[in-house]
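S.K.: Here the protein sequences line up with chains U, C and X, keeping their order.
Per this note's numbering, the very first residue in the first sequence carries number 231; after that it's consecutive.
Per this note's numbering, the very first residue in the second sequence carries number 7; after that it's consecutive.
Per this note's numbering, the very first residue in the third sequence carries number 52; after that it's consecutive.
All residues carry an ideal CB built from backbone N, CA and C; glycine is no exception.
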Amino acid sequence: MNRRHVLAAASGIAALALVGACSSGGSGDSGDSGDADWSIPDTDPTATIQVLGHQDADGIQEVIDAFNEDHPTITVEYESVPFDQLNSVLDARIGNQDGNPDVFWADQPRIPALAARGYMTDITDQFAADTGVWDPAPLASGQYDGRMWAVPIANSTQLLYYNVELVEAAGDPLPSAAIEDRMTWEEVTERAANAVEAGATNGLLFGQVNRYYQLQPLPMSLGGSAGGTGDDLLTPDVTSEPWVQAMEWYGELFAEGLSPLGVTPEQSDAEFLTGNTAYMVQGPWLLPKLTDAEFEWGVAPHPYFEGGEVVTPTGSWSLAMSAFSDEREAAAIFMRWMSVEHGGGYAANYASPELPASPEGKEQYFQRDVFDSDAGQLAAEIIDFETSNTAVPRLQTVGFVEFEEIIGRAFSDVANGADPAAALESASSELETAWAQYR
Amino acid sequence: MSRSSSAVSAAPSGAQRRLGASPAPRRQLRRRKELFWAVVFLAPALVAIGSLRIAPTISAVVSSLYSGFPGGVRPPVFSGFDNYLDLWGNEAFRETVLRTVVFNVIINPLQVAIALLVAVLMTRRIAAPGLWRTLVFIPAVVPIVGSSIVWSIALRPDGPVNAIITALGGRPQPFLTSPDQALASIMLIASWIGIGYWMIFLISGLRAIPSEYYEAAKLDRAGPIRTFFQITIPLLKRPLLFVLVADTVANFVLFVPIQMLTNGGPQNSTTMQMFNAYRTTYTYSSKNLGAAEVVILTIIMLVFVALQFRLLRDDDRAAKGTS
Amino acid sequence: MTAVRRRTRSERRSILLTALAVVVAALFILPALWLLSGSLRPSNEIFGTLSPVTWRTLVPSEVSLGNYLALLSGPFGRSILISFAVCFLTVAIGLVVSALAAYALSVLRFRGRGAVFAFVVISFMVPFEAIAIPLSQLFSGWGLTNTLLGLVLPGIGNGLAIFNLRQHFLSIPTSYREAATVDGAAEPRVLWSVYLPLGGAALANSALLIFLGQWSAYLWPLLVVSDSSLQVAPVALARTFGEYTFDFGQNFAGAIVLSVVPALMMFVLQRFFGGLEIASGEK
Numbered sequence: 231m232n233r234r235h236v237l238a239a240a241s242g243i244a245a246l247a248l249v250g251a252c253s254s255g256g257s258g259d260s261g262d263s264g265d266a267d268w269s270i271p272d273t274d275p276t277a278t279i280q281v282l283g284h285q286d287a288d289g290i291q292e293v294i295d296a297f298n299e300d301h302p303t304i305t306v307e308y309e310s311v312p313f314d315q316l317n318s319v320l321d322a323r324i325g326n327q328d329g330n331p332d333v334f335w336a337d338q339p340r341i342p343a344l345a346a347r348g349y350m351t352d353i354t355d356q357f358a359a360d361t362g363v364w365d366p367a368p369l370a371s372g373q374y375d376g377r378m379w380a381v382p383i384a385n386s387t388q389l390l391y392y393n394v395e396l397v398e399a400a401g402d403p404l405p406s407a408a409i410e411d412r413m414t415w416e417e418v419t420e421r422a423a424n425a426v427e428a429g430a431t432n433g434l435l436f437g438q439v440n441r442y443y444q445l446q447p448l449p450m451s452l453g454g455s456a457g458g459t460g461d462d463l464l465t466p467d468v469t470s471e472p473w474v475q476a477m478e479w480y481g482e483l484f485a486e487g488l489s490p491l492g493v494t495p496e497q498s499d500a501e502f503l504t505g506n507t508a509y510m511v512q513g514p515w516l517l518p519k520l521t522d523a524e525f526e527w528g529v530a531p532h533p534y535f536e537g538g539e540v541v542t543p544t545g546s547w548s549l550a551m552s553a554f555s556d557e558r559e560a561a562a563i564f565m566r567w568m569s570v571e572h573g574g575g576y577a578a579n580y581a582s583p584e585l586p587a588s589p590e591g592k593e594q595y596f597q598r599d600v601f602d603s604d605a606g607q608l609a610a611e612i613i614d615f616e617t618s619n620t621a622v623p624r625l626q627t628v629g630f631v632e633f634e635e636i637i638g639r640a641f642s643d644v645a646n647g648a649d650p651a652a653a654l655e656s657a658s659s660e661l662e663t664a665w666a667q668y669r
Numbered sequence: 007m008s009r010s011s012s013a014v015s016a017a018p019s020g021a022q023r024r025l026g027a028s029p030a031p032r033r034q035l036r037r038r039k040e041l042f043w044a045v046v047f048l049a050p051a052l053v054a055i056g057s058l059r060i061a062p063t064i065s066a067v068v069s070s071l072y073s074g075f076p077g078g079v080r081p082p083v084f085s086g087f088d089n090y091l092d093l094w095g096n097e098a099f100r101e102t103v104l105r106t107v108v109f110n111v112i113i114n115p116l117q118v119a120i121a122l123l124v125a126v127l128m129t130r131r132i133a134a135p136g137l138w139r140t141l142v143f144i145p146a147v148v149p150i151v152g153s154s155i156v157w158s159i160a161l162r163p164d165g166p167v168n169a170i171i172t173a174l175g176g177r178p179q180p181f182l183t184s185p186d187q188a189l190a191s192i193m194l195i196a197s198w199i200g201i202g203y204w205m206i207f208l209i210s211g212l213r214a215i216p217s218e219y220y221e222a223a224k225l226d227r228a229g230p231i232r233t234f235f236q237i238t239i240p241l242l243k244r245p246l247l248f249v250l251v252a253d254t255v256a257n258f259v260l261f262v263p264i265q266m267l268t269n270g271g272p273q274n275s276t277t278m279q280m281f282n283a284y285r286t287t288y289t290y291s292s293k294n295l296g297a298a299e300v301v302i303l304t305i306i307m308l309v310f311v312a313l314q315f316r317l318l319r320d321d322d323r324a325a326k327g328t329s
Numbered sequence: 052m053t054a055v056r057r058r059t060r061s062e063r064r065s066i067l068l069t070a071l072a073v074v075v076a077a078l079f080i081l082p083a084l085w086l087l088s089g090s091l092r093p094s095n096e097i098f099g100t101l102s103p104v105t106w107r108t109l110v111p112s113e114v115s116l117g118n119y120l121a122l123l124s125g126p127f128g129r130s131i132l133i134s135f136a137v138c139f140l141t142v143a144i145g146l147v148v149s150a151l152a153a154y155a156l157s158v159l160r161f162r163g164r165g166a167v168f169a170f171v172v173i174s175f176m177v178p179f180e181a182i183a184i185p186l187s188q189l190f191s192g193w194g195l196t197n198t199l200l201g202l203v204l205p206g207i208g209n210g211l212a213i214f215n216l217r218q219h220f221l222s223i224p225t226s227y228r229e230a231a232t233v234d235g236a237a238e239p240r241v242l243w244s245v246y247l248p249l250g251g252a253a254l255a256n257s258a259l260l261i262f263l264g265q266w267s268a269y270l271w272p273l274l275v276v277s278d279s280s281l282q283v284a285p286v287a288l289a290r291t292f293g294e295y296t297f298d299f300g301q302n303f304a305g306a307i308v309l310s311v312v313p314a315l316m317m318f319v320l321q322r323f324f325g326g327l328e329i330a331s332g333e334k
């Protein structure tokens with residue numbers, strides 16, 4: 231192998247550069263995401279649409295069957311992708327810029343980010359008549375830059391569940407489910423410590439541990455912001471006093487053994503159901519699982535910091551139409567049925583109870599079996615109150631994807647013992663960099 | 007591994023000269039036929055290498071010269087070296103590069119040195135050398151996914167490693183959950199399966215050293231340490247270089263334990279370049295920036311490899327006094 | 052008088068060094084033994100014997116294949132089949148491509164042969180991971196994501212296999228080829244009847260190289276396949292590790308299954324072709 235050979239090889243490589251350059255760097259047409267020259271027709275077209283979501287396919291089949299009773303000419307092909315891969319699969323699919331999928335499950339706080347990327351079709355005109363149907367927070371989540379991009383099919387809130395036996399063993403009175411008797415985090419911490427001393431494995435367990443969805447209320451209850459300020463909410467604001475204090479409290483939970491390390495969000499329900507946890511903060515989706523519980527349980531309102539605001543997590547999934555959908559009318563009909571008709575066809579027909587995004591839907595929701603028990607009735611009242619009064623949506627910014635990931639890592643580090651102020655500083659500077667491209 | 011067979015090149019031309027009475031046209035025909043078959047035989051491999059190795063490299067370089075809104079749907083805009091300048095100015099990225107380089111400067115010589123020591127041990131006069139060798143090698147067949155699973159459980163705060171440490175009087179260590187120990191734990195995971203692997207190459211290299219050298223050393227009354235440094239190591243240059251380079255290449259793009267176990271944390275202490283490029287491209291959907299990171303990673307790694315070639319070749323020349 | 056402190060070479064086997072070798076071997080093999088024993092017992096027993104470390108940590112109270120059965124009857128079983136399919140296809144295609152190329156580069160004579168060889172060598176100096184991300188995006192554009200072909204293709208252009216086979220072909224005396232061509236055989240025939248039969252060990256070596264590279268592939272299948280019914284074993288195993296950390300037993304069983312296949316391959320090939328040099332694959 232001498233120099234001549236290497237030069238010859240190099241020129242061969244350069245020749246291939248043409249091949250490489252041709253297949254990269256270029257782009258397909260970006261698909262128009264804002265034209266009003268289509269509308270939801272009065273008669274259904276005959277079409278097939280592809281839908282991408284994270285819910286289990288069997289569960290969704292029941293919903294689709296109900297949809298087909300009202301709209302028999304539209305065939306729905308649903309594809310399920312695990313939650314933690316949904317975002318990257320979506321990126322890849324939309325990147326292909328073809329008609330698959332037509333409709334996809336969109337995480338509500340991500341909607342501004344996805345819309346800014348050009349993933350979605352502008353549906354402002356087509357759904358203008360329906361905006362009064364939904365609760366204010368879910369409606370707002372689908373709007374960005376003055377246009378509407380997604381329709382909400384579910385909402386959420388959080389409750390404080392407790393294991394009656396463990397609370398009594400700790401010598402504490404059972405928490406009240408009344409809104410006016412809402413406990414503070416300080417009280418809950420003390421109770422959790424008592425429970426652990428009395429033998430409980432876990433004092434306090436968060437359902438979505440280390441996730442922004444779950445922990446957002448903590449700094450906000452102390453007066454902090456949702457994490458971003460300024461124009462378009464693209465200036466990080468996670469190093470303020472309330473944020474640091476909230477994280478100090480959070481880190482203490484793990485350091486003192488009140489909360490377990492190593493239980494992931496996917497395992498938290500199972501953990502509580504083993505009966506080894508005194509208090510758990512989780513959404514209403516735990517209720518049906520509790521009907522099979524081998525211990526007595528109760529509910530109370532989501533706590534707040536003493537002297538601070540009452541803030542509860544909220545938000546769930548919406549449906550959005552791909553910017554490259556080739557069956558817009560059919561897709562829109564499906565989306566409308568899922569979110570508007572019958573109080574939201576999705577929430578009405580999905581076997582596992584999903585908190586609907588509309589008042590009409592909520593009325594039906596509270597009729598469900600799962601609310602039949604006494605504790606269930608109390609839960610229903612709490613849910614109703616929180617969704618209407620204390621719910622605060624997550625940070626609505628174009629840079630939400632980066633935000634969620636970076637702050638999630640910071641939360642995880644704090645839980646594992648990192649100094650809260652340092653972790654938040656580091657997160658803040660990562661955010662600065664990540665958001666620089668959007669400003 | 008690379009045993010040169012330079013003796014072979016002499017034969018063909020000799021054979022040709024013997025048949026050399028063939029007239030020119032027949033030789034030309036033969037040559038043309040050989041060329042034809044060469045093209046046919048080489049086509050699949052060249053197309054494969056071209057489209058599967060060269061094309062993406064070019065594609066990455068080109069893509070890194072554009073800037074696009076995350077997501078890749080909005081058409082990217084040509085921006086020259088902006089991505090590189092942005093990365094250069096980004097402290098977190100600089101730290102990632104430094105971390106990757108430091109990691110490799112530590113782990114590669116360490117793994118090779120340990121592999122060499124073990125190889126030497128296994129080629130001494132001991133009982134049942136084949137058995138011990140096999141036992142050391144067995145972890146090498148465990149894929150890195152398997153090694154990650156085993157060690158992440160073994161290194162748990164309540165795991166067996168900490169149990170042994172406390173039994174010996176120490177305090178339980180956080181390992182993968184501590185920003186100070188996580189990277190070292192990753193080194194352990196990679197080394198458990200790597201060392202046995204490289205040991206095999208070094209053993210065959212050691213065995214290839216003719217015993218005359220050792221006998222001469224013995225006559226010179228050279229002790230084991232002097233023999234090792236003045237005879238063994240110089241004669242082991244080729245296999246050592248191969249192992250060092252191959253190990254560096256593998257460790258430079260280390261990805262699996264980071265993605266599976268630590269997600270780059272805690273506090274970015276295990277975020278190395280390969281993982282960072284993956285996160286930028288797939289989690290943040292910033293394809294063009296990710297492409298720039300990939301290009302930088304490749305360049306740095308090639309520099310490392312070239313350096314190693316240089317170092318060992320120069321030493322070689324100096325020691326032997328020939329070129 | 053030789054100093055007694057130094058370990059002097061002697062004709063007898065050194066007890067000290069043997070002891071050292073035993074200790075070193077134990078350090079390496081114990082975690083593997085723990086892995087094996089963990090795969091043969093239920094998860095809660097693994098948990099229960101994590102700490103403190105007693106002989107119980109290594110020895111299961113009863114050996115059961117429950118973990119293996121549960122694992123293989125689930126989605127992981129399917130992913131093992133996918134892995135085998137991908138590996139065999141890659142070896143089949145890869146050997147053909149490599150043997151052809153190696154033959155051309157060692158036996159055939161033509162202008163530019165050196166340059167092409169340089170090209171091949173340069174190409175495999177860059178590790179696959181470095182170009183995996185851009186390549187996966189090209190594949191996405193070419194419609195090869197979530198396809199078996201997409202998983203197979205990157206494994207067939209293995210420069211090291213070509214290098215290996217070329218080395219071997221170079222050592223075969225050219226007189227054989229002369230004899231064959233004088234008899235009127237065309238090049239493919241020479242390759243088929245002369246070189247391949249003589250290439251036993253090198254072919255096995257290269258097949259092993261290609262197989263190992265594909266068997267332990269992780270990053271590439273992660274990037275190219277999102278459909279879990281088409282995913283390969285290492286990625287499928289890693290996924291279950293994240294989701295069901297309580298079920299260590301099955302994870303351990305999966306790790307053993309993943310390790311046994313390459314081990315068996317090496318063992319079998321060593322038996323048949325002897326003196327096999329265990330070559331490198333992708334890690």
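#1: Counting contacts by CB-CB distance shorter than 7 Å, is Val648 of chain U in contact with chain C?
#2: Please list, in chain order, all residues of the same chain as Asn424 of chain U whose beta carbon is under 7 Å from its beta carbon, the five residues on each side excluded.
#3: Only counting the same chain, and skipping five residues up and downstream in sequence, which positions put a Cβ closer than 7 Å to that of Ser157 of chain X?
#4: Taking Cβ positions only, does Val319 of chain U come closer than 7 Å to chain X?
#5: Select from X:Gly208, X:Val308 and X:Leu249 the residue whose C-alpha is nearest the C-alpha of Thr225 of chain X.
#6: Enumerate in chain order the residues of its own chain whose CB-to-CB distance from Val142 of chain X is below 7 Å, with the five nearest sequence positions on each side excluded.
#7: Can you give the Cα-Cα distance for Leu483 of chain U and Ala476 of chain U, rounded to whole angstroms?
#8: Contact defined as beta carbons within less than 8 Å: I believe Thr268 of chain C pairs with Thr276 of chain C. What is the distance between those atoms, to the nearest angstrom?
#9: Residues in the segment 262-287 of chain C with C-beta within 9 Å of chain U's C-beta atoms, listed in sequence order?
#10: By a C-beta neighbour count over all protein chains shown, 10 Å radius and 16 as the cutoff for buried, is Asn298 of chain U buried or exposed?
#11: What number of angstroms, rounded off, separates the C-alpha of Asp355 of chain U from the C-alpha of Leu189 of chain X?
#12: Taking the continuous alpha helix (DSSP H) assigned at Trp157 of chain C, which residues delimit it?
#13: Identify whether Pro312 of chain U lies in helix, strand or coil by the three-state DSSP scheme.
#14: Taking C-beta pairs closer than 7 Å, name the residues in chain U that Pro76 of chain C reaches, listed in chain order.
#15: With the cut-off set at 7 Å, would you say Asp3 of chain C and Asn114 of chain C are in Cβ contact?
#16: Quick check: the Cα distance between Ala231 of chain X and Ile223 of chain X, rounded to an integer number of angstroms?
#17: Can you check the segment 341-370 of chain U for any beta strand (DSSP E) of at least 3 residues that lies completely inside it and give the ranges in chain order?
#18: Taking the runs of the beta strand (DSSP E) that are 3 residues or longer, which of them lie wholly in the segment 172-253 of chain C?
#19: Tell me which same chain residues have a C-beta within less than 8 Å of the C-beta of Asn209 of chain X, skipping the five on either side of it?
#20: Determine the burial state of Trp106 of chain X: buried for a count of at least 16 other Cβ atoms within 10 Å of its Cβ, exposed for fewer.
#21: Quick check on the DSSP output: the beta strand (DSSP E) that includes Ile563 of chain U runs from which residue to which?
#22: Please identify the residue among U:Ser603, U:Ala605 and U:Tyr576 whose C-alpha is closest to the C-alpha of Gln594 of chain U.
#23: For Val333 of chain U, I'd like the list of residues in its chain whose CB is within less than 8 Å of its CB, leaving aside the five on either flank, ordered along the chain.
#24: Determine, using beta-carbon pairs with one atom in the segment 609-624 of chain U and one in the segment 528-548 of chain U, whether at least three such pairs fall under 8 Å.
#25: In terms of DSSP beta bridges, what is Met510 of chain U paired with?
#26: Please check if any C-beta of chain X sits within less than 7 Å of the C-beta of Gly152 of chain C.
M.R.: In this structure, then:
#1: Counted from its first residue, the first sequence places residue 648 of chain U at position 418. Note on residue identity: the sequence assigns Ala, not Val, to residue 648 of chain U. Taking Cβ atoms only, chain C reaches closer than 7 Å to Ala648 of chain U, which makes this a yes.
#2: One-based indexing of the first sequence puts residue 424 of chain U at position 194. So the qualifying residues of the chain are Ala400, Gly401 and Asp402.
#3: Here residue 157 of chain X corresponds to residue number 106 of the third sequence, with the count starting at 1. The residues Arg217, Phe220 and Leu221, in chain order, have a CB closer than 7 Å to that of Ser157 of chain X in the same chain once the five nearest residues on each side in sequence are set aside.
#4: Residue numbering aside, residue 319 of chain U sits at position 89 when the first sequence is read from its first letter. Chain X, which has a Cβ nearer than 7 Å to the Cβ of Val319 of chain U, makes this yes.
#5: Position 174 of the third sequence, counting from 1, holds the residue named residue 225 of chain X. Among X:Gly208, X:Val308 and X:Leu249, the Cα nearest to that of Thr225 of chain X belongs to X:Leu249.
#6: Counting from one through the third sequence, the residue named residue 142 of chain X turns up at place 91. Correct list, in chain order: Ala258, Ile261 and Phe262.
#7: Position 253 of the first sequence holds residue 483 of chain U. Position 246 of the first sequence holds residue 476 of chain U. Whole-angstrom Cα-Cα distance: 11 Å.
#8: For the purposes of this step, residue 268 of chain C is taken as the residue at position 262 of the second sequence. For the purposes of this step, residue 276 of chain C is taken as the residue at position 270 of the second sequence. Yes, they are in contact, since the Cβ atoms of Thr268 of chain C and Thr276 of chain C sit about 5 Å apart, within 8 Å.
#9: So the close ones are Asn269, Gly270, Gly271, Pro272, Gln273, Asn274 and Arg285.
#10: Reading the first sequence from its first residue, position 68 is the one you call residue 298 of chain U. Its Cβ having fewer than 16 others within 10 Å, Asn298 of chain U is exposed.
#11: Here residue 355 of chain U refers to the residue found at position 125 of the first sequence. Here residue 189 of chain X refers to the residue found at position 138 of the third sequence. Each residue's alpha carbon lies about 37 Å from the other.
#12: For the purposes of this step, residue 157 of chain C is identified with residue 151 of the second sequence, where counting begins at 1. Element bounds for Trp157 of chain C: Ile150 to Ala160.
#13: On the first sequence, position 82 is the one that residue 312 of chain U refers to. Coil, per DSSP.
#14: In the second sequence, the residue the question calls residue 76 of chain C occupies position 70. Chain U residues near Pro76 of chain C: Arg347.
#15: With chain C represented from 7 up to 329, any question about residue 3 of chain C goes unanswered, as that position is not in the structure.
#16: Working through the third sequence from its first residue, we reach residue 231 of chain X at position 180. Working through the third sequence from its first residue, we reach residue 223 of chain X at position 172. Distance between the alpha carbons of Ala231 of chain X and Ile223 of chain X: 13 Å.
#17: Counting only runs of 3 or more residues that sit fully inside the segment 341-370 of chain U, no beta strand (DSSP E) segment turns up.
#18: none
#19: The count along the third sequence starts at 1 and reaches residue 209 of chain X at position 158. Residues Gly145, Ser149, Phe175, Ser257, Leu260, Ile261 and Gly264 of the same chain have their beta carbon placed closer than 8 Å to that of Asn209 of chain X, with the five preceding and five following residues left out of the count.
#20: Position 55 of the third sequence, counted from the start, is the residue given in the question as residue 106 of chain X. When all chains shown are included, Trp106 of chain X counts as exposed.
#21: Start at 1 with the first residue of the first sequence, and residue 563 of chain U comes out as number 333. Looking at the DSSP string, Ile563 of chain U is not in any beta strand (DSSP E); the run it does join, the alpha helix (DSSP H), is Arg558 to Ser569.
#22: Residue mapping note: residue 594 of chain U aligns to position 364 of the first sequence, counting from 1. Closest option to Gln594 of chain U, Cα to Cα, is U:Tyr576.
#23: Residue 333 of chain U sits at position 103 when you count from the first residue of the first sequence. These residues qualify, in order along the chain: Ile279, Gln280, Val281, Leu282, Leu549, Ala550, Met551, Ser552, Ser555, Ala561, Phe564 and Met565.
#24: yes
#25: In the first sequence, counting from the first residue as 1, residue 510 of chain U sits at position 280. BP columns for Met510 of chain U point to U:Tyr391 and U:Leu435.
#26: Numbered from its first residue, the second sequence carries residue 152 of chain C at position 146. True, the Cβ-Cβ gap to chain X drops below 7 Å.
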